[in-house]
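Novice: Taking this note's numbering, I'd label the letters of the sequence shown as residues 39 to 398. The beta-carbon is built from N, C-alpha and C at its ideal position, and this holds for glycine as well. I have a structure I would like to understand better, so I am pasting it below and will then ask my questions one at a time.
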Amino acid sequence: MDQSARDFLTALVNSYGPSGFEAPVVRTWMDYAKQFADEVYTDAYGNGFAVLNPKGDPHILLDGHADEIGLMVSYIDDDGFLWVSTIGGYDAKILPSMRVRVLGKGGELPGLIGSLPPHMQREAQGGQELKRYQFGVNVYVDIGARSKAEAEKHVRVGDPIVLDYGLDELQNGLVCGRALDNRIGIWSGIEALRRAKQSGKKLNARITAVAAVQEEVGCFGAGMAAYGADPDCAIAVDVTQSVDHPQAEKKRWGDMRVGNGPVLAHGSACHPELNRRIEEVARKARIGLQHEATPRHTGTDADSIFVTRGGIPTAVVSLPQRYMHSPAETVHLGDLDRIADLLCALCLSLKSGERFMVKV
């Protein structure tokens, strides 16, 4: 991964964008895309699009979702504390004492999620430590306000909140941070587009990279984007569970590991002929694939894309990730680089006018 691509990933992670509030992330993504794409635009709900070779055929969509999980102010109490609801799938028990950024009406505001010290937990619970945190019960944000009136000068009900953590490097090519689910997906689409353009090879296909909104609350943006773009095939790029840490169970999740390459999903949403092409391209490019079973739902934007219009042939390529939906999401940069190479090779492999159909 070259330095510009690495800096782009950092910029994406450092941008805040919970579901429904993705505009800062999409702006960062589009500013980078303008260097390589022939067309860059957005739609009514803020999905970002970057197109290379707009007259090409077939038309392939490279989807990633721009949003991240977060919190939303649901109530401000008389003492100025902010009570919150979750945007997407946060586990309440990881949140106490976390630093946050409130994206308030007057700008960004630092805060933290309150926690009860262990001494007070035991006293409050009759000698037992508090075992559970629940939204609406004991998860609140402290911005230092002394009253409701003071808090309301900066914040109102409906303002989003994100955890305030950036990207850090670990050992052996690993990085960790907030929102790698799924800034890696929108990074991959643009990087594949850039590499295809700079390869010097003939490109028959039209490539549309998408930074989709609202995946974490229902995969809504991808459905809008796929309907509007009307591609001939699509790849959804997201993260998937890595099991190479002490608390993971392979028998439940499968055997995907960070550092072992991209993961190809297999299941009802995943088009068998498109999957076959991806495996062929990976073999030729000497990119090792891992495999994942998704017999019903993939849990990605693919679930919305493949049923759009008359059905869009769709595949899911994922990045193995430890500690999903936390501020310590951990991935391997080599895996990410290989996803961009795989997508680039797939786009370059497409023949003029090619279509993917299930053989019956």
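When you compare only the Cα positions, how much space is there between Leu312 and Leu380?
Specialist: Taking the straight line joining both Cα atoms gives about 13 angstroms.
Novice: Please report the straight-line C-alpha distance between Asn220 and Ile107, rounded to a whole angstrom.
Specialist: Approximately 10 angstroms between the Cα atoms of the pair.
Novice: Say yes only if the C-beta of Asp341 is nearer than 7 angstroms to one or more non-hydrogen atoms of the ligand SAH, and no if none qualify.
Specialist: As for the ligand SAH, it is missing from this structure, which has no ligand bound.
Novice: Please tell me whether Leu47 and Trp225 are closer than 8 angstroms, where the distance is taken between their beta carbons.
Specialist: Cβ atoms of Leu47 and Trp225: closer than 8 angstroms.
Novice: Could you tell me the distance, in whole angstroms, from the CA atom of Lys397 to the CA atom of Gln172?
Specialist: So the alpha carbons of these two residues sit roughly 50 angstroms apart.
Novice: Using alpha carbons as the reference points, say which of Val319, Val200, Arg232, Asp341 lies closest to Met110.
Specialist: Cα-wise, what sits closest to Met110 is Val200.
Novice: Taking the alpha carbon of Val195 as the reference point, which residue from Phe258, Met294, Ser53, Phe119 has its own alpha carbon closest?
Specialist: When only C-alpha atoms are compared, the closest one is Phe119.
Novice: Could you pull out every residue in the same chain whose Cβ sits closer than 8 angstroms to the Cβ of Met68, ignoring the five residues on either side in sequence?
Specialist: The answer, listed in chain order, is Val78, Thr80, Gly86, Ala88, Ala249.
Novice: Using beta-carbon positions only, say whether Thr336 and Ala303 come within less than 8 angstroms of one another.
Specialist: Yes, the pair counts as a contact, with Cβ atoms nearer than the cut-off.
Novice: Which residue comes first and which comes last in the alpha helix (DSSP H) that contains Ala146?
Specialist: Just to set this straight, residue 146 is Glu in the shown sequence, not Ala. Run containing Glu146: none in the alpha helix (DSSP H); it sits in the beta strand (DSSP E), 145 to 151.
Novice: Please give me, in chain order, every unbroken run of the beta strand (DSSP E) with length at least 3 that falls completely inside the stretch 71 to 133.
Specialist: Runs of the beta strand (DSSP E) inside the stretch 71 to 133: 77 to 80, 86 to 90, 97 to 103, 108 to 114, 120 to 125.
Novice: Give a yes or no on whether the C-beta atoms belonging to Glu367 and Arg216 are separated by under 8 angstroms.
Specialist: Cβ distance < 8 angstroms, so Glu367 and Arg216 count as in contact.
Novice: Give, in chain order, every unbroken run of the alpha helix (DSSP H) that is at least 4 residues long and sits entirely within the stretch 291 to 359.
Specialist: Runs of the alpha helix (DSSP H) inside the stretch 291 to 359: 310 to 323, 340 to 343.
Novice: Could you tell me the distance, in whole angstroms, from the CA atom of Gly266 to the CA atom of Lys186?
Specialist: Cα to Cα, Gly266 sits roughly 44 angstroms from Lys186.
Novice: Please state whether DSSP places Gln279 in a helix, a strand or coil.
Specialist: If DSSP states are grouped into helix, strand and coil, Gln279 belongs with the strands.
Novice: Provide the residue span of the alpha helix (DSSP H) that contains Leu371, from first to last.
Specialist: Here the alpha helix (DSSP H) through Leu371 covers 371 to 387.
Novice: At which residues does the alpha helix (DSSP H) containing Asp219 begin and terminate?
Specialist: Asp219 -> alpha helix (DSSP H) spans 218 to 236.
Novice: Can you look up Gly196 in the DSSP assignment and give me helix, strand or coil?
Specialist: Gly196 falls in the coil class under three-state DSSP.
Novice: Checking the sheet assignment: what are the DSSP bridge partners for Tyr178?
Specialist: The partner list for Tyr178 (beta bridge, DSSP) reads Trp121.
Novice: For Lys143 and Ile245, I'd like the C-alpha separation in whole angstroms.
Specialist: Using only the alpha carbons, I get a separation of about 37 angstroms.
Novice: Using a Cβ-Cβ cutoff of less than 6 angstroms, which residues in the same chain neighbour Pro96 once the five nearest sequence positions on both sides are dropped?
Specialist: Correct list, in chain order: Ala243, Asp270, Leu388, Glu392.
Novice: Can you tell me where the beta strand (DSSP E) holding Ala247 begins and where it ends?
Specialist: Start and end: 244 to 250.
Novice: CB-CB under 6 angstroms to Asp202, same chain, minus the five flanking residues each way: which ones, in chain order?
Specialist: Only Arg137, Val138, Arg139 meet the Cβ criterion.
Novice: CA-CA distance, Ile114 and Glu146?
Specialist: Cα-Cα distance, rounded: 17 angstroms.
Novice: So, is Asn210 buried or exposed, given that buried needs 16 or more other C-beta atoms within 10 angstroms?
Specialist: Burial call: exposed.
Novice: Sorted by chain position, which residues of the same chain lie with C-beta nearer than 6 angstroms to Pro198's C-beta, five sequence neighbours on each side aside?
Specialist: The answer, listed in chain order, is Pro56, Phe59, Gly108, Met110, Leu141.
Novice: Rounded C-beta distance between Asp105 and Glu254? I'm assuming under 8 angstroms.
Specialist: About 5 angstroms separates the two Cβ atoms, so the contact holds.
Novice: Would DSSP call Asp206 helix, strand or coil?
Specialist: The answer is strand: DSSP assigns Asp206 an E or B state.
Novice: Applying the 10 Å Cβ sphere with the 16-neighbour rule, what's the burial state of Ala307?
Specialist: Buried is the call here.
Novice: Output the boundary residues of the alpha helix (DSSP H) element that contains Gly266.
Specialist: Segment 258 to 267, the alpha helix (DSSP H) holding Gly266.
Novice: Which residues in the same chain as Val51 place their Cβ atom closer than 8 angstroms to its Cβ, once the five residues preceding and following it in sequence are excluded?
Specialist: Excluding residues within five positions, the ones whose Cβ falls inside 8 angstroms are Gly204, Leu205, Gly215, Arg216, Ala217, Leu218, Arg221.
Novice: Leaving aside the five residues before and after Lys38 along the sequence, list all residues of the same chain whose C-beta is less than 7 angstroms from its C-beta, in chain order.
Specialist: An answer regarding residue 38 cannot be provided, because it is not within the stretch 39 to 398 covered by the chain.
Novice: With DSSP collapsed to three states, give me the class of Gln47.
Specialist: The sequence given here has Leu at residue 47, not Gln. Helix.
Novice: Assuming the contact rule is C-beta atoms closer than 8 angstroms, Asp100 and Val275 should be a hit. Round their C-beta distance to whole Å, please.
Specialist: First, the residue type needs correcting, since residue 100 is Leu and not Asp in the sequence shown. Yes, Leu100 and Val275 are in contact; Cβ-Cβ is about 7 angstroms, under 8 angstroms.
Novice: Taking buried to mean at least 16 other C-beta atoms within 10 Å of its own C-beta, is Ala247 buried or exposed?
Specialist: Answer is buried; the Cβ neighbour count reaches 16.
Novice: From Gly227 to Tyr54, what does the alpha carbon distance come to, in whole angstroms?
Specialist: Whole-angstrom Cα-Cα distance: 19 angstroms.
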